[in-house]
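Chains as they are written, first to last, in this note's numbering: chain V, 1 to 196; chain R, 1 to 500; chain S, 1 to 44. Glycine is no exception: its CB is placed at the ideal position from the N, C-alpha and C atoms.
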Amino acid sequence: MRRRVLRVLRCALLAATLAGLVWPAPVLAATGATLASLGSPSSGDLVEHPAQWDGKVIDFQGEAVGEVMRRGDSAWLHLNDDAYSRKAADDIALAGYNAGQAVWAPSELAAQVKICGDYSHRGDLVHVVGIFHAACPEHGGDMDIHAVKLEVVLPGSPIARAVSGVRAAAAAALSLVAAGLWLLWRRRHRARGRAA
Amino acid sequence: MIIQPRRDDHLVIGKYTGKVIVGVGLLMAVPLALSLVLGEWSVALDFVISSAACFICGFGLQLLCRTERDLGWGHALVVAAGSWLIATLLGALPHSLSGHEGSYLDAVFDVMSGYTTTGLYLIQDLDHVSNGLNMWRHLLTYAGGQGIIVVALTFLFRGSPGAYRLYVGEGKDERLLPNVVQTARAIWIVSLGYLAVGGLVLAAMGWALGQTPLRAFLHGVWVFMGAWSTGGFAPQSYNTMWFHSLAYELVTVAIFVAGSFNFALHWAVWSGNRKELRRNLETVSFAVTLSLTVLVATVALSRLGIYPDAVNLFRKAFYQLASGHTTTGFSTIYSRAFVVQWGPLAMLATTVAMAIGASACSTAGGIKGMRVGVITAGFVADIRRMISPESALIRQRVHHLRDILVDSPLLRSALTVTVAYLTLYGLVAIVGAACGYDFLQAAFEGVSAASNTGLSCGVTAPAMPVVLKVVYTLAMWLGRLEFMSVLALAGYAYAMVRGR
Amino acid sequence: MKGGYSVTLRDLRRYAAGMLGEACYVLVLAAVGLAIAVVAALLS
Chain V
1 MRRRVLRVLR CALLAATLAG LVWPAPVLAA TGATLASLGS PSSGDLVEHP
51 AQWDGKVIDF QGEAVGEVMR RGDSAWLHLN DDAYSRKAAD DIALAGYNAG
101 QAVWAPSELA AQVKICGDYS HRGDLVHVVG IFHAACPEHG GDMDIHAVKL
151 EVVLPGSPIA RAVSGVRAAA AAALSLVAAG LWLLWRRRHR ARGRAA
Chain R
1 MIIQPRRDDH LVIGKYTGKV IVGVGLLMAV PLALSLVLGE WSVALDFVIS
51 SAACFICGFG LQLLCRTERD LGWGHALVVA AGSWLIATLL GALPHSLSGH
101 EGSYLDAVFD VMSGYTTTGL YLIQDLDHVS NGLNMWRHLL TYAGGQGIIV
151 VALTFLFRGS PGAYRLYVGE GKDERLLPNV VQTARAIWIV SLGYLAVGGL
201 VLAAMGWALG QTPLRAFLHG VWVFMGAWST GGFAPQSYNT MWFHSLAYEL
251 VTVAIFVAGS FNFALHWAVW SGNRKELRRN LETVSFAVTL SLTVLVATVA
301 LSRLGIYPDA VNLFRKAFYQ LASGHTTTGF STIYSRAFVV QWGPLAMLAT
351 TVAMAIGASA CSTAGGIKGM RVGVITAGFV ADIRRMISPE SALIRQRVHH
401 LRDILVDSPL LRSALTVTVA YLTLYGLVAI VGAACGYDFL QAAFEGVSAA
451 SNTGLSCGVT APAMPVVLKV VYTLAMWLGR LEFMSVLALA GYAYAMVRGR
Chain S
1 MKGGYSVTLR DLRRYAAGML GEACYVLVLA AVGLAIAVVA ALLS
């Protein structure tokens, strides 16, 4: 009996903890004051010198990637200001790792972002003005920018991914060889099974 | 005298290596199917080419090497290390064909990092990678977590003493069930059970956090695979910071800590022996060393005052440390933040956590809690002996599923492997420093590679020296297979040339 | 896993209980981590 009660209590405690964690944190209203930007650092500058920019209003521009994640009145987006964000959609040459910053913006501003970068898209080029946090107290210490202004500078576009004829031929040839070897292997395998 | 391997030895090794490679080709069916469903045609072609290459090698080897001999211990070790190597070389084909890798070496680095559940990567422009390739990256880390031999054992082998030797060759030595093929299947029951529950929970949370259903599902499955295998790959370059959610972070912690458990422990707990969680040497050792390293990192960070309050401090310190200690490598801070924001003491605590690693016979790497526990117990026994009367008989026991007496052979093997790991860590760190990196950063990154963790402080990059890429790849391979098989492979190669 | 490889409903329940037990272990670890963070934040 006591064990049963204990077990129920334990389950309840677990459920309560999980529920408390999933409950959305209260969203603080964005400060609406007009703010003058103090500079336009790159994401590299921000990561290398977070203390220097902490709490300052900055300009930041980059390609929106992945998706805009709406959380109530505000939304998360991720802006990459790497070499890829400055390229034409059909230029898929390599230029190192991605680099960017997370941006927390009011939903109605974030709604302007229509196309996010992924395999088949170059995302919208987005310009934001906002406060940089080296370790945002509101968001679990994440490095982020709380945007008060947001505009799409250049709309995104699809990336054309052509199917290569050479590769199609190679795939067909290799598959044929593989299938042949498999048939041969199966015949040997069966013959041995029968002999045993 | 070194005996040169005979034709028969080559045949048996070739045959079983071929079987494992066929397994790798079969695995590629999953990303192939996904890219077909999502209409990524050129990606699908890449997977057809790659899996055909695997089948040609795999079936070709089996056709060439026909023998009825079963594997001996030496063979099994060679097959284990050799098939990991060939599986890596062939598994790198889709990466290389995708055009996201700077060179074939970079692709090999990424695939070795995947199989060994490390999580360091050299892939460029990750945020524009296809869904098919992302599936492959995460699937191979999931398969590597169970062990690619285990994958092959499950589907392609009949139980034989040789099969068990192969399983041991991969750095695992627990029999969950009497038969090794059954053991492999039990490992899959645990892994797939977690995949179903964990993947679903993460997908649901992703959806609630604002992802579209398809992306939430794919990310849920991928992040699960990265977490469970203690791999640390994630589909976006922001890693797990992408989600900005305490709940998501906690669920990933639960998954990667569970992934770092010994499969024998899972099986005991899942069979109803829940007390084992409190008594097991590995869970106790992990809890102690994790708490200590978290304590050091938290104190260091709170002195620096980077994180404004207790919850933020907890979210950052506990997450990175738990991720490092389970050798996962998920991270909610930028790589360079370790250097720029965390500073030397917190980095050192993280390095120690990574070096220790998690449980034996799990998906994790590092020295392993079991060895740390056994060595500590041996040390305690020595002290007890010193302060007891000479006639007293001191017997120190540790608990892992049953009580085990800590005797000299057990201590010796624990110490040998520990020393081997420490030597590897030291060597890799020295190579990093010789390449011109700051020693602390070189040590952090080197330990991360050799313990199969994957946390990075910014040393790993497409532009890093080729020497360092090769050394990290070798370190991941050695660390994951716990030296023996790789050394056996090297010995085999040597015997082929110099033996009589 | 008796004999064959079929998993019964009873097995599933045992597995679920096992999984929950493992989750509790993680919660305890997290609680220790949080306690450390709270103390550290109070002291600094």
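Thinking just about the alpha-carbon of each residue, which of the options is nearest to the one in residue i?
{"i": "E174/R", "options": "L265/R, I86/R, M112/R and G198/R", "result": "L265/R"}
{"i": "A300/R", "options": "T230/R, A346/R, L474/R and D70/R", "result": "A346/R"}
{"i": "T453/R", "options": "K172/R, W477/R, L440/R and V20/R", "result": "W477/R"}
{"i": "C65/R", "options": "L11/R, A317/R, T240/R and T141/R", "result": "L11/R"}
{"i": "R336/R", "options": "V459/R, T17/R, R137/R and T212/R", "result": "V459/R"}
{"i": "L281/R", "options": "A358/R, A254/R, D309/R and L209/R", "result": "A358/R"}
{"i": "D309/R", "options": "G141/V, S164/V and A179/V", "result": "G141/V"}
{"i": "L150/V", "options": "G130/V, G156/V and P158/V", "result": "G130/V"}
{"i": "V168/R", "options": "L32/R, V150/R, Q182/R and F59/R", "result": "V150/R"}
{"i": "P465/R", "options": "A475/R, Y437/R and F444/R", "result": "Y437/R"}
{"i": "V431/R", "options": "Y421/R, L422/R and A442/R", "result": "A442/R"}
{"i": "H95/R", "options": "F47/R, L63/R and M205/R", "result": "F47/R"}
{"i": "V153/V", "options": "I159/V, D90/V, H127/V and D118/V", "result": "H127/V"}
{"i": "L176/R", "options": "T67/R, C57/R and S271/R", "result": "S271/R"}
{"i": "A184/R", "options": "R165/R, V201/R, G198/R and L200/R", "result": "R165/R"}
{"i": "T350/R", "options": "I383/R, I86/R, L63/R and T289/R", "result": "T289/R"}
{"i": "V311/R", "options": "L348/R, S245/R, W207/R and D8/R", "result": "S245/R"}
Could you round the C-beta distance between residue i and residue j to whole angstroms and report it? I think they count as a contact, below 8 angstroms.
{"i": "A171/V", "j": "I49/R", "result": "5 angstroms"}
{"i": "A122/V", "j": "E67/V", "result": "Rather than Ala, the amino acid found at residue 122/V in this sequence is Arg. R122/V to E67/V, Cβ: 15 angstroms. No contact."}
{"i": "L410/R", "j": "V374/R", "result": "6 angstroms"}
{"i": "G18/R", "j": "F59/R", "result": "7 angstroms"}
{"i": "L140/R", "j": "Q236/R", "result": "Not a contact, Cβ separation roughly 18 angstroms."}
{"i": "L34/R", "j": "N131/R", "result": "6 angstroms"}
{"i": "T283/R", "j": "T117/R", "result": "About 20 angstroms separates the two Cβ atoms, so there is no contact after all."}
{"i": "L94/V", "j": "Q124/R", "result": "5 angstroms"}
{"i": "A37/S", "j": "T298/R", "result": "6 angstroms"}
{"i": "Y307/R", "j": "W228/R", "result": "The pair is not a contact, with the Cβ atoms about 28 angstroms apart (cut-off 8 angstroms)."}
{"i": "S157/V", "j": "G100/V", "result": "Actually they are not in contact, since the Cβ atoms of S157/V and G100/V sit about 19 angstroms apart, beyond 8 angstroms."}
If we count the other Cβ atoms within 10 Å of its Cβ and call it buried at 16 or more, is residue i buried or exposed?
{"i": "F379/R", "result": "exposed"}
{"i": "K275/R", "result": "exposed"}
{"i": "I2/R", "result": "exposed"}
{"i": "W73/R", "result": "exposed"}
{"i": "T31/V", "result": "Residue confidence for T31/V is low, a pLDDT of 44 falling below 50, so the modelled location carries little weight; the figure read from the coordinates is stated next. With fewer than 16 Cβ atoms within 10 Å of its Cβ, T31/V is classed as exposed."}
{"i": "R194/V", "result": "exposed"}
{"i": "T8/S", "result": "exposed"}
{"i": "R500/R", "result": "exposed"}
{"i": "H146/V", "result": "buried"}
{"i": "Y15/S", "result": "buried"}
{"i": "M496/R", "result": "exposed"}
{"i": "G220/R", "result": "buried"}
{"i": "L28/V", "result": "Because L28/V carries a pLDDT of 36, less than 50, the predicted location of this residue cannot be relied on, and no value is offered for it."}
{"i": "M197/V", "result": "An answer regarding residue 197/V cannot be provided, because it is not within the stretch 1 to 196 covered by chain V."}
{"i": "F224/R", "result": "buried"}
{"i": "E101/R", "result": "buried"}
{"i": "G117/V", "result": "buried"}
{"i": "S212/R", "result": "It should be pointed out that residue 212/R corresponds to Thr in this sequence rather than to Ser. Counting Cβ neighbours within 10 Å, T212/R comes out exposed, since fewer than 16 surround it."}
{"i": "P41/V", "result": "buried"}
{"i": "E482/R", "result": "buried"}
{"i": "Q146/R", "result": "buried"}
{"i": "D403/R", "result": "exposed"}
Run through the DSSP bridge pairs and tell me what residue i is partnered with.
{"i": "W104/V", "result": "W76/V and H146/V"}
{"i": "L125/V", "result": "E63/V and L154/V"}
{"i": "H399/R", "result": "D403/R"}
{"i": "D118/V", "result": "H121/V"}
{"i": "G130/V", "result": "I58/V and A147/V"}
{"i": "R71/V", "result": "S74/V"}
Worksheet item: Do the region 325-342 of chain R and the region 39-51 of chain V meet, that is, are 3 or more Cβ pairs less than 8 angstroms apart?
Response: Segment contact: the region 325-342 of chain R against the region 39-51 of chain V, three or more CB-CB distances shorter than 8 angstroms; contact assigned.
Discussion item. Pairs of beta-carbons, one from the region 2-21 of chain S and one from the region 177-194 of chain R, closer than 8 angstroms: are there three or more?
Written reply: Between the region 2-21 of chain S and the region 177-194 of chain R, the count of Cβ pairs shorter than 8 angstroms is three or higher; the stretches touch.
Discussion item. Count Cβ pairs between the region 116-132 of chain V and the region 77-92 of chain V that sit closer than 8 angstroms; are there 3 or more?
Written reply: Judged by Cβ distances under 8 angstroms, the region 116-132 of chain V makes contact with the region 77-92 of chain V, as three or more pairs qualify.
Item to complete: Say whether the region 436-450 of chain R touches the region 101-111 of chain R, bearing in mind that this needs 3 or more beta-carbon pairs closer than 8 angstroms, one atom from each stretch.
Response: These segments do not touch.
Worksheet item: How about the region 106-116 of chain V and the region 69-77 of chain V: do they share at least three Cβ pairs that are nearer than 8 angstroms?
Response: Output reads yes: the region 69-77 of chain V touches the region 106-116 of chain V.
Discussion item. Using 8 angstroms as the cut-off, can you tell me whether the region 90-110 of chain R makes contact with the region 23-34 of chain R, which would need three or more C-beta pairs spanning the two stretches below that distance?
Written reply: Contact between the region 90-110 of chain R and the region 23-34 of chain R is established, with three or more Cβ pairs separated by less than 8 angstroms.
Item to complete: Give a yes or no on contact between the region 53-61 of chain V and the region 128-140 of chain V, applying the rule of three or more CB pairs nearer than 8 angstroms.
Response: Yes, the region 53-61 of chain V touches the region 128-140 of chain V.
Item to complete: Kindly confirm or deny that the region 244-256 of chain R and the region 304-323 of chain R touch, where touching means at least three C-beta pairs closer than 8 angstroms.
Response: Contact holds: three or more Cβ-Cβ distances are below 8 angstroms.
Worksheet item: Do the region 73-82 of chain R and the region 479-491 of chain R meet, that is, are 3 or more Cβ pairs less than 8 angstroms apart?
Response: Contact holds: three or more Cβ-Cβ distances are below 8 angstroms.
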